[in-house]
Structure formats: C-alpha cells, structure tokens
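Mapping the sequence shown onto my numbering, position 148 (from 1) lands on 139, and the numbers just tick up by one.
First the structure, in the form of structure tokens, and then the observations on it.
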Amino acid sequence: MKVDLPLSVPGGALGSVAEVARAAEAGGFDGVSYSETTSDPLLHLTVAAGATERVDLITDIIVAFARSPMTLAVQARAIQDYSQGRLVLGLGSQIKPHIERRFSMPWSSPAARMAEFVAAMRAIWHSWETGEKLDFRGDFYTHTLMTPMFTPPSDYPQPKVFIAGVGERMTEAAGEVADGMLIHPFSTERYLREVTLPAIARGRQRAGRAAGDFGITSSAFIVTGRDEAELTASATRVREQIAFYGSTPAYRPVLELHGWAELGDDLNRLSKSQEADKWQQMGKLIDDEVLDAFAVRGEPDRVGAALRERYSTLITRYAVNEVGIGDPTLQHQVAATLRDD
C-alpha cells in the first residue's frame, strides 16, 4: 500500500510548499497531495514538482466543474511534463450550491458530466499527442478547434485520472472512465465493501475494462495524539468534520446504510440554523459509534497498524487525512507506520 502526505501549509500559502514536499520525499513517502480549499492545487503541485524528483503529485481533489476540460487539460499537461510524468489528476464534482453560487458554473447530471469531462480531456490530450483533428462532441462539452499555435508539447504519457465520489452513479462513472478512485473520507469500511467496490466493478464491466487495473485511494479519518489533550482535540476536529459532511444530503446514503438517517436529518437542520456555534453543536451529535465507523483511533505508533488492518485489502494507497493530525511531525510519524516494509 502506497502512502501519501498532504502538503500541509498554513492557510494554503505557497511559501513553504517546497520545504514540505522535500521532507515528504526524504521521508520515503510515495506522494504528496493538495485539495482545493483555499487555493488551486495545481499551484502547489507545480512548486512541489520543482522541489522533488520522485514523489507522485496528486490533486485530492481539484473541482472539475469549476473549469472547462480544455482549461484543465492545458494545466495538467504542463505539470505532467514539468514533473516528468508524476501527476495524478484527482477530480471532484463538489456539490450544486458551490458550483452554481461560488463558481458561477453550470450544474447538471454530475456523474454523466464527470464521465464526459474525462473523455473530453483525453480527446484533447490525444489530439496534441498525435496531431489528429480535435473533434469532441458531447452532451455537456464540445471541443472542435485546435491549431498548432495552441498545441503544447507532450513529452510524457497522459496523467492518470482519478475521480472522487460517494454516490453509486459517480462511483460507477469512476470505474467506467477513470484510472482510479479517491474514496471520500465520509465513507465507512462497510460502505466501501457493500456499495463502493461493487459500483466500481459495475462501471468497469460496462466499459469492458480489466478488473484489477484500477487504483483505490482512501483518506479515512485518523484520531490520534501524543497525550490525552491531543487525542481529545483530534477527536473533536474529526467529529465536527464528520458532522459537516453528514449534513450534506448527497452523502445521506452512507448514513442510511448504517441506520443513521435521523442523524443526517438533525445535522442538516442544524447546519441551516443561525446558531453561532452550530458547527460545534453538530460535532457533539457524532457519538463514539459513529466516530469509530468513520475513523481509526489510537496512539501514534499503533493507529497505522489499525488502519492497515481495516483497509489494506480494500485499497491500493492511503493519503493521510490531516483533519485529525494537524502537526506535520505527527503526520510523518503516523504515516511511517503505514508504509510497506
């Protein structure tokens, strides 16, 4: 199982990315990742590419629907060649309110749109690589114009494309068109076994793709600490993050599988309230049973073994989830226990 570290930099600032990336590579880890929150992940991975030689560079995730396939194809092509073939392009759809109201972009049929987004990017890359006419016509995207002036060099193979998702239709789309899947942290071992993996298999079967040639990356929550105070603080942060995800209707199927639909209703209702401390109140609704379904808890030198025991037969790599491990030194300590011998 490969192990990746997040590019944990305060506020998403670029200034210390190179140092963090070099430390991850020196520590023997397999990749570094950045998720689109306060900054564009491709900016961070560009800096990381220039500071490293070996580690994979992973967007975990970048919001596909905030961009066009052409825009992202250009950016990904540049980083893939600059890094000498180390980019793993992890795509996420985000949810409708963010796409329409934060990014002012269209939203419809997210699974079908995502599958077409990937197909469009690959058509663009293929046109650049071969010189063939670009003629992609889909339901959501059309790309039919490409001239030599706008054709970048293609020195390395196309980057691998992973899709993130929770629902069955997006998961099937990942199996059908992607090289792998980023398992959302709001997934449990049971949901992974009973819903996610079968949906991936259906997508791959529909596309006539080989069953085993597919990457599965988990970023399951970890609750840990070097003393009782750190352990408590870690659990609080993870409970609040679980509550935040649980308030989203799109993720309700995970709760329903476990018989926790009412919890989802309570979280959603509270998230829409005007209470100043609503996020803290929501976190208190996540009891130990729910916490232990979504997170692995333990001391820093033991939690890695517990996570491997739970997930090693289900996933191909693990991306350290920094919600419960804010200290980079502790991230390295925990991640070291996860690496293959």
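Where a beta carbon is used, it is the ideal one built from N, C-alpha and C, also for glycine.
Nothing here was measured: the structure is a model prediction, and the numbers come from that model.
Taking a C-beta distance under 7 Å as the contact criterion, ALA64 and PHE94 do not qualify as a contact pair. Bridge pairing for ARG308: LYS(-7) and THR208 [DSSP]. DSSP places LYS275 within a helical segment (H, G or I) once states are collapsed to three.
With contacts defined by Cβ atoms closer than 7 Å, TYR302 and SER209 form a contacting pair. In this structure, the beta-carbon distance from GLY158 to PHE205 does not fall below 7 Å.
Note on geometry: alpha-carbon atoms of VAL46 and PHE153 lie some 17 Å from one another. The straight-line gap separating the alpha-carbon atoms of ARG77 and SER238 is approximately 35 Å. For LYS151, DSSP records a beta bridge to VAL79. Ranked by Cα distance from ALA165, the first of ASN312, TYR73 and LEU82 is LEU82. The Cβ atoms of ALA39 and VAL79 lie no closer than 7 Å to each other. Residue range 22 to 25 is occupied by the beta strand (DSSP E) that includes SER24. When the five nearest sequence neighbours on each side are left out, the beta carbons in the same chain lying within less than 6 Å of the beta carbon of ILE277 are those of ARG230, ILE233 and ALA234, in order along the chain. Taking 7 Å as the cut-off, the Cβ atoms of VAL311 and LEU(-4) count as close. ARG260 counts as exposed, since fewer than 16 other C-beta atoms from the protein chains shown sit within 10 angstroms of its C-beta.
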